[in-house]
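Q: Handing you a structure now.
Numbering (the numbering used here), first residue to last: 1103 to 1253.
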């Protein structure tokens, strides 16, 4: 589906208000979560690339660029920075000698796990303020938000 030509029906006031509220809340919560990083030396983009490698497995720099919506030269620079920090390793592509495959290192896996734990604890402390009805709504909304995040 091409989103450039798609216009959702926002003529219904409730839909427009819900989209606006969702956008605003997701952006604010995302910014607050970004501040819960374990390693402040990594940029949000570098963390995102490591997260993509953790979720999707090893990939070529070109595949990572597409997944991260950045230009290939930018991804080449990001991968080089992560490699210099010992967070990714480059290996020859098994079928195409011109390509390299990027994998995360054990150091990156440990750092991501620590970061996830820290963010989960922080988010759980916020959610602790919710009542049971709000928790039920949050549990029901989580799969929908996950779907939106990956469309």
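Note that CB positions come from ideal geometry on N, CA and C, so glycine has one too.
Give, in chain order, every unbroken run of the beta strand (DSSP E) that is at least 3 residues long and sits entirely within the region 1209-1235.
A: Within the region 1209-1235, no complete beta strand (DSSP E) run reaches 3 residues.
Q: Could you tell me which residues DSSP puts in a beta bridge with residue 1204?
A: Here residue 1204 is taken as the residue at index 102 of the chain shown, counted from 1. According to DSSP, residue 1204 bridges with 1161, 1192.
Q: If distances are taken between C-alpha atoms only, which option among 1148, 1235, 1192, 1226 comes closest to residue 1171?
A: Start at 1 with the first residue of the chain shown, and residue 1171 comes out as number 69. With distances taken between Cα atoms, residue 1171 lies closest to 1148.
Q: Report the rounded CA-to-CA distance for residue 1220 versus residue 1161, giving the unit in angstroms.
A: Counting from one through the chain shown, the residue named residue 1220 turns up at place 118. Counting from one through the chain shown, the residue named residue 1161 turns up at place 59. Going from the Cα of residue 1220 to the Cα of residue 1161 covers about 27 Å.
Q: Report the three-state DSSP secondary structure of residue 1128 (helix, strand or coil).
A: Your numbering for residue 1128 matches position 26 in the chain shown. Here residue 1128 sits in helix by DSSP.
Q: Ordered along the chain, which non-local residues of its own chain (more than five positions away) have a Cβ less than 8 Å from that of residue 1155?
A: As a working note, residue 1155 is residue 53 in the chain shown. The answer, listed in chain order, is 1161, 1166, 1190, 1204, 1205, 1206, 1210.
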